[in-house]
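Working notes, beginning with the structure itself.
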Amino acid sequence: MLINFNVAGDLANLLLSYLDANPLNENMLSEDAAEIEALRHQLSHYSANSRMPFTDWWHALSVIARLYKRPYIGLEVGAYIQPSHCGVLGYLSLSCEYLAEALQRFERFQRLLYEGNEAFTQVEGDFVTFSWPFDYGYSTRESDEVLISSLASYVRMLVGDESLRPTKIGFVHAKPENVAPYFQILGCDVEFDCKNTYVSFPVSMLTLKVEKADPALRALLDQQAHALLDVLPNGDHFEQEFYKYLLRAMQDGKPTIDEVAGYMKMSSRTLHRRLEERQLVFKELLQKTRQQLAQQYLKEGRLTLSEIALLLGYSEQSAFTRAFKQWLGETPLRFQKRLMKES
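Each residue of the sequence shown is one higher than the one before, counting from 771 in my numbering.
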């Protein structure tokens, strides 16, 4: 059930950002002020690489909704979303060239942000729709509203167009008495009592270029660049292009020679031949790159093991752990702990 899952610890900072930007009245009741302070204290304990139980996430949203006396608090909180609140998913979206790629990354890495029910994408006619089934049960209304509002706000931020809006949004919860805030904040048609929570965008939007740049997340990109320099200290232009697209294929979860060749606009046979001319083997390069990046990520300590696994193109953390143990004879966690003791 969903109650057994977690959200990213980074989302605690989303709530803190909202609280900072919307201080309560100084004349509020002392018990209310104490409750807000207790909530702030609880949220501050979640670090960027930690996980927050859904129960804590739901509780925090319900407390804020009650004390602020705003029944649509989730819609307002979602508008404060920033890449830094999304962890590695935020970094990955900023490294994309087009919105289509960023949304594909969202679909692949969404569980780093929000576990349990995962969205699936469907293209019908002129619309692309993200829909969340409820295989693990229902979330709260506030949580669903944060999810949809955040995604709509994030898309606008990525392409730098505040006028951009979804075409239609659906919620599973019952229609409220006052629907005006939904139209005002989300800016599109909204329906309720739906089978799934969903958000639809025009297909034409997928070709928009990602304009947003966030210096706070640049460190992760630099981290990968430095690790790749260790793998390829003196590569020629072809090899540099190869590693760039190998990295992209890993992030897309498809680190195969066919995928990399497609990115490089050549056949897999041609790519194999050009690597062979340099006495290079694709599988060996993939393994070496994964190993080097894994060690760098673990040394840096900013990412969880599941985040590292997905960035390296593994579908599950267990597969990454097995591979790492084969490389170095110890698990990633033991390797990281040993580094911490030695430093």
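We put the beta carbon where it would ideally sit given N, CA and C, even for glycine.
Which partner residues does residue i have in the DSSP bridge list?
{"i": "Ala778", "result": "Arg821"}
{"i": "Phe876", "result": "The partner list for Phe876 (beta bridge, DSSP) is empty, contrary to what the question assumes."}
{"i": "Val960", "result": "Ile939"}
{"i": "Thr967", "result": "Trp902"}
{"i": "Tyr868", "result": "Lys979"}
{"i": "Pro972", "result": "Phe897"}
Could you compute how far the alpha carbon of residue i sits from the alpha carbon of residue j?
{"i": "Leu1081", "j": "Glu796", "result": "45 Å"}
{"i": "Pro841", "j": "Leu1103", "result": "43 Å"}
{"i": "Tyr1033", "j": "Tyr1015", "result": "6 Å"}
{"i": "Arg911", "j": "His943", "result": "6 Å"}
{"i": "Val777", "j": "Met1020", "result": "23 Å"}
{"i": "Leu1075", "j": "Phe897", "result": "35 Å"}
{"i": "Cys866", "j": "Lys1095", "result": "31 Å"}
{"i": "Gly895", "j": "Leu976", "result": "14 Å"}
{"i": "Ala835", "j": "Ile939", "result": "22 Å"}
{"i": "Leu1050", "j": "Glu1011", "result": "14 Å"}
{"i": "Arg1018", "j": "Ala1031", "result": "12 Å"}
{"i": "Ala872", "j": "Leu799", "result": "44 Å"}
{"i": "Leu978", "j": "Cys856", "result": "21 Å"}
{"i": "Gln954", "j": "Arg1043", "result": "57 Å"}
{"i": "Phe962", "j": "Leu869", "result": "27 Å"}
{"i": "Leu813", "j": "Asp780", "result": "10 Å"}
{"i": "Thr825", "j": "Ser854", "result": "23 Å"}
{"i": "Glu1046", "j": "Lys1053", "result": "12 Å"}
Quick one: residues in its chain with C-beta nearer than 6 Å to the C-beta of residue i, no 5 flanking neighbours on either side, listed in chain order?
{"i": "Tyr1067", "result": "Leu1073 and Ile1078"}
{"i": "Pro1003", "result": "Because Pro1003 sits at a pLDDT of 48, beneath the cut-off of 50, its placement in the model cannot be relied upon, and the following sentence gives the value as read from the coordinates. Excluding sequence neighbours, Pro1003 sits near nothing in its chain."}
{"i": "Gln1061", "result": "Trp1097"}
{"i": "Pro823", "result": "Asn776"}
{"i": "Glu1029", "result": "Ala1019"}
{"i": "Gly844", "result": "Glu912, Glu915 and Val916"}
Cutting at 7 Å between CB atoms, please list the residues of its own chain near residue i, excluding the five before and the five after it.
{"i": "Glu828", "result": "Reading off the sequence, residue 828 comes out as Trp, not Glu. So the list reads Thr910 and Ser913, once near-sequence residues are dropped."}
{"i": "Met771", "result": "Tyr906 and Gly907"}
{"i": "Pro1025", "result": "Leu1016, Ala1019, Leu1056 and Gly1083"}
{"i": "Cys958", "result": "Arg935, Pro936, Thr937, Lys938 and Ile939"}
Can you name, in chain order, every residue of its own chain whose Cβ lies under 8 Å from the Cβ of residue i, other than the five neighbours on each side?
{"i": "Phe1090", "result": "Ala1064, Leu1075, Ile1078, Ala1079, Leu1082, Tyr1084 and Pro1102"}
{"i": "Phe1105", "result": "Gln1065, Leu1068, Phe1094 and Leu1098"}
{"i": "Ser1037", "result": "Ala1031"}
{"i": "Thr1040", "result": "Ala1031"}
Would you mind stating whether residue i and residue j have Cβ atoms separated by less than 8 Å?
{"i": "Leu956", "j": "Pro972", "result": "no"}
{"i": "Glu885", "j": "Phe1008", "result": "no"}
{"i": "Leu786", "j": "Arg821", "result": "no"}
{"i": "Tyr952", "j": "Ile851", "result": "no"}
{"i": "Val969", "j": "Phe900", "result": "yes"}
{"i": "Val833", "j": "Leu784", "result": "no"}
{"i": "Val929", "j": "Val980", "result": "yes"}
{"i": "Glu801", "j": "Leu837", "result": "no"}
{"i": "Phe876", "j": "Leu864", "result": "no"}
Tell me the start and end of each unbroken alpha helix (DSSP H) in the segment 876-939 that is at least 4 residues and wholly inside, in chain order.
-> Segments of the alpha helix (DSSP H) lying fully in the segment 876-939: 911-929.
Which ranges would you report for the beta strand (DSSP E) in the segment 999-1073 if only whole runs of at least 3 residues count?
-> none
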